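This report concerns only the one structure given below.
2 protein chains.
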Amino acid sequence: MARMRKTVTIRDVAEDAGVSLQTVSRVVNGGPNVRPQLRDTVQAAIDRLGYVPSLAAQRMSGSRSYIILAINDRERTLADWRERRGTDWVDQMLLGGILTCSKYGYRMMVELVDTHSDHVERELGAAISALQPDGVILTPPHSENRLITTLLAQRGIPFARIGSNAPGPGIPMTMGDEGAAFLAASRLIELGHRAIGMIAGPAQYSLSGWRIDGWRRAMAARGLPSDGLLEGGDFGYESGTRAARALLDRNSGLTAIIASSDQMALAALEVARDRGLVVPRDLSLISFDNTPIVRFSQPPLTAVDQPIAETVSRAVEQLIARGQESDADQVIEVPAGLIERSSTAPAPAQDTA
Amino acid sequence: MARMRKTVTIRDVAEDAGVSLQTVSRVVNGGPNVRPQLRDTVQAAIDRLGYVPSLAAQRMSGSRSYIILAINDRERTLADWRERRGTDWVDQMLLGGILTCSKYGYRMMVELVDTHSDHVERELGAAISALQPDGVILTPPHSENRLITTLLAQRGIPFARIGSNAPGPGIPMTMGDEGAAFLAASRLIELGHRAIGMIAGPAQYSLSGWRIDGWRRAMAARGLPSDGLLEGGDFGYESGTRAARALLDRNSGLTAIIASSDQMALAALEVARDRGLVVPRDLSLISFDNTPIVRFSQPPLTAVDQPIAETVSRAVEQLIARGQESDADQVIEVPAGLIERSSTAPAPAQDTA
DNA sequence: ACCGCAATTGTGATCGTTCACAACCCGTAA
DNA sequence: TTACGGGTTGTGAACGATCACAATTGCGGT
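Line by line, the protein sequences are chains A and B. For what it's worth, this note's numbering labels the leading residue of the first sequence as 17, then goes sequentially. For what it's worth, this note's numbering labels the leading residue of the second sequence as 17, then goes sequentially.
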């Protein structure tokens, strides 16, 4: 039955409208120097036949591929996914990217790349060769991977580095992690907390350091010490459990914790519950990321909202705008906000001092 | 600085290996009739130069595009996303699809399509014309949209209908919703529950009906009535609140609720809490979907685990396997499982009978 | 009436790959 | 020796669009 209707090509439109291929091409691409009347005629033919240019053909002839490639870390993504944590980044990147791409006639493709160095070059190289994207968006921890940035720079592909403010090729973009951590800590201090623990992310992520910096700065600004109040984690739940325990064991007076991921914050919540601490009465909690899971915990968590979608969206626009120029090393910052829910409250009355 | 290294093409490989383009092509595609020794020579050249065929060029000449297109509902996806509910389907689809695609040298692309009928044909048509995918995966509620299935059938593009078992073109696939609902209800009955409420999904989703059917069948099997125990929702949180209230208002003896989405189940949990009901002591709760959010609620919810990733993965394999043949109307079922957590418990002792 | 220039439209080459088919090689059977 | 045939390799056309450039048109100024 299925008549297998042949694809409509630019040639069909040209014949239908009685003009040359080039003219149709100009109309499609909004090129200059086409008589308005003729433009209308051609456009009518396009609409009538339902012509849409073939991405593949466009890529073959022109310079652009109309594809933006978003790179995520495979290991972390898959681990999160298999264990049914939220895949924080992926869906937000994807949706933020898709919307903005489609606004400009582009398409977004997601690639998962292995962290291990030998694979990186091969996998990313293969993806780039196959897709020949017009731009690439790097997310942590790949944003500062020299192999990757060098590879992209060599091939002359514009790219954005999300979560990196280092100099070098590519557009650096951040979500104001230092400021957000400062904000979170300041808010807790404002609520009367003095001993505020920090569960940091892994060191390979620059943003882990920035968040520590922001927290330290807020503490120092009020003359509060931060010794013994820092614990490391890997963003995952288990590491959050360990870190929260260590923090509570070591600091009897601890009344608040900032966690560098939602998972770790939820783990801290669980640890608190186990120890008979009521959140937020006995312990205040602020997490980073603000993925959907923190809305439905008991209590819902106050969280630093990472504007991932917005950042990716901005990245896409930057990449589309700059053809090849990768000059302006201006860091683009899309600041995070603090969403107050019910895991933060005034510090409990102190016994002394 | 950036030397703008030119892309490696099949011609470069051919010259390097001293053979014709066609021979390289055969080696790349594992074609037959190439002397093993020559094959090795060519392969060595490919590896040395880091050649990867251009997707665009492959599409231009050959018949395949190596692209699988996954269609999601735009409105629901975006609404969920903007309101920071989890985007249930998208990330699981994407990841399940990406992995399987990459196993076969394919790539997956996600497209958000408007529900409203006039747009559907245009948007999907445009995406198909531009991408010319080798296969399309339809998710509810598009799976049974006549305009869409007809369009795809006309163009001769193989496609899978997830969440649809209707006859017609395309490969029907389900996640055993009827059986899963039956299982969930049976489990509750086994725990001693007699009045088990059902919060269903919107009628435009076939799976809403199947879940009702399964629940009804389980009730009927034990001679339990299901009148007045059914409420409709739209999968969203607010609708869950309304439905749960209605259910509890109407049935004083209600001891369990099955909700057709995680969001609605969490809403029911909240309603129960408001009314002083302790879950699971006073009210047992089972949700559908098993997205990450239900692991961190208090208590964590027992949930029907929708194997979305697995289903999409199967779909991809089917689509890649069948070139054009869309014969076998055999429904492919990837059954859902029940993940028991802490929102289910034996029914409270009844006052009478 | 003529020239020049800009705006408009058309032409042929080109991108990187696969397809269909032709050409070649070599061993075996007549 | 010749012819056949299967396995192997090469050749030219084709896919659908854009690019660079050539051809045409129209209009104002002299």
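The beta carbon of each residue, even a glycine, is placed where N, CA and C say it ideally should be. Just so you know, these numbers come straight off a predicted model, no measurement behind them.
The beta strand (DSSP E) enclosing residue i, as first and last residue numbers
i	result
B:Val44	Not the beta strand (DSSP E): B:Val44 falls in the alpha helix (DSSP H), residues Leu37 to Val44.
A:Leu154	Gly151 to Leu154
B:Ala325	First-last for B:Ala325: Ile324 to Ala337, but that is the alpha helix (DSSP H), not the beta strand (DSSP E).
A:Asp298	Careful: A:Asp298 lies outside any beta strand (DSSP E) and carries neither H nor E.
A:Thr190	Ile187 to Thr190
A:Ala275	Ala272 to Ala275
B:Gly213	Ile212 to Ala216
A:Glu247	Leu246 to Gly248
B:Leu285	First-last for B:Leu285: Asp278 to Asp290, but that is the alpha helix (DSSP H), not the beta strand (DSSP E).
A:Gly353	Gly353 to Ile355
Nearest to residue i (by Cα), restricted to the options the options
i	options	result
A:Leu299	A:Asn306, A:Leu270 and A:Thr307	A:Leu270
B:Glu247	B:Leu199, B:Met280, B:Leu240 and B:Arg357	B:Met280
B:Gln381	B:Ile215, B:Met125 and B:Gly213	A question about residue 381 of chain B goes unanswered here, because the residues of chain B that appear run from 17 up to 369.
B:Ile87	B:Trp97, B:Gly46, B:Val29 and B:Pro156	B:Pro156
A:Ala237	A:Ser329, A:Phe198 and A:Thr93	A:Phe198
B:Ala361	B:Ala234, B:Leu204, B:Ile309 and B:Pro241	B:Leu204
A:Ile212	A:Val68, A:Ile144, A:Ser222 and A:Arg233	A:Arg233
B:Asp290	B:Met189, B:Thr257, B:Arg162 and B:Asn267	B:Thr257
A:Ala319	A:Val106, A:Pro308 and A:Thr57	A:Pro308
B:Thr39	B:Tyr221, B:Ala169, B:Val58 and B:Ile228	B:Val58
A:Arg227	A:Glu194, A:Gln220 and A:Leu240	A:Glu194
Contact with chain A by residue i, beta-carbon distance below 8 Å
i	result
B:Arg64	no
B:Asp32	no
B:Met280	no
B:Arg101	yes
B:Arg291	no
B:Thr155	no
B:Thr257	no
Interface partners of residue i on chain A, CB under 9 Å
i	result
B:Val68	Gly141, Ala142, Ala143, Ile144, Ser145 and Ala146
CB contact below 8 Å: residue i versus chain B
i	result
A:Ile215	no
A:Arg313	Residue identity differs from the one stated: residue 313 of chain A is Ser in this sequence, not Arg. Yes, A:Ser313 lies at the interface with chain B (some Cβ there is under 8 Å from its Cβ).
A:Thr318	no
A:Ile114	yes
A:Ser81	yes
A:Thr23	yes
Same chain only: Cβ atoms within 6 Å of residue i, ignoring 5 sequence neighbours per side
i	result
A:Gly217	Ser224, Phe251 and Ser276
A:Gln322	Met191, Asp305 and Ala352
B:Ser242	Arg232 and Met235
The ligand NAP heavy atom lying under 7 Å from the CB of residue i
i	result
B:Asp104	As presented, the structure is devoid of all ligands, the ligand NAP included, so that no description of it is given.
Residue interval of the alpha helix (DSSP H) (run including residue i)
i	result
B:Val129	From DSSP, B:Val129 is part of no alpha helix (DSSP H) but of the beta strand (DSSP E) over Arg123 to Val129.
A:Thr318	Element bounds for A:Thr318: not the alpha helix (DSSP H) but the beta strand (DSSP E), Thr318 to Asp321.
A:Leu168	Arg162 to Arg171
A:Pro52	Pro52 to Leu65
B:Gly230	Ser222 to Ala237
A:Glu137	Ser133 to Leu147
Same chain only: Cβ atoms within 8 Å of residue i, ignoring 5 sequence neighbours per side
i	result
A:Glu254	Ala283
B:Pro316	Val310, Arg357, Ser358 and Ser359
A:Gln340	A caution first: A:Gln340 carries a pLDDT of 45, below 50, which makes its placement in the model unreliable, though a value can still be read off. Closer than 8 Å at the Cβ level, and outside the excluded window around A:Gln340, lie Gly172 and Pro174.
A:Ser36	Ala30
B:Arg266	Gly244
B:Ser329	Gly112, Gly113, Leu115 and Thr116
Contact set for residue i: own chain, Cβ-Cβ below 7 Å, skip 5 residues either direction
i	result
B:Arg42	Val50
A:Ala260	Ile215, Ile273, Ala283, Ala284 and Val287
B:Val136	Val129, Asp130, Asn161, Leu163 and Ile164
A:Pro183	Asp345
Amino acids of chain A, ordered along the chain, whose beta-carbon sits closer than 8 Å to that of residue i
i	result
B:Thr93	Leu111
B:Ala288	By Cβ distance, chain A contributes nothing, its closest Cβ being about 13 Å from B:Ala288, past 8 Å.
B:Trp97	Asp107, Gln108, Leu111 and Ala325
B:Ser224	Per Cβ cutoff of 8 Å: no residues; B:Ser224 is ~22 Å from chain A at best.
Interface residues of chain B facing residue i [CB-CB closer than 9 Å]
i	result
A:Thr39	Within 9 Å Cβ-Cβ: nothing; A:Thr39 doesn't reach chain B, min ~20 Å.
A:Leu128	Leu111, Ile114, Leu115 and Ser118
Residues that residue i contacts on chain B, provided the C-beta gap is smaller than 7 Å
i	result
A:Ile309	Pro308, Ile309 and Phe312
A:Leu71	Ala146 and Leu147
A:Thr131	Within 7 Å Cβ-Cβ: nothing; A:Thr131 doesn't reach chain B, min ~16 Å.
Chain A contact residues for residue i, given Cβ-Cβ distances below 7 Å
i	result
B:Arg123	Met125
B:Arg75	Ala72
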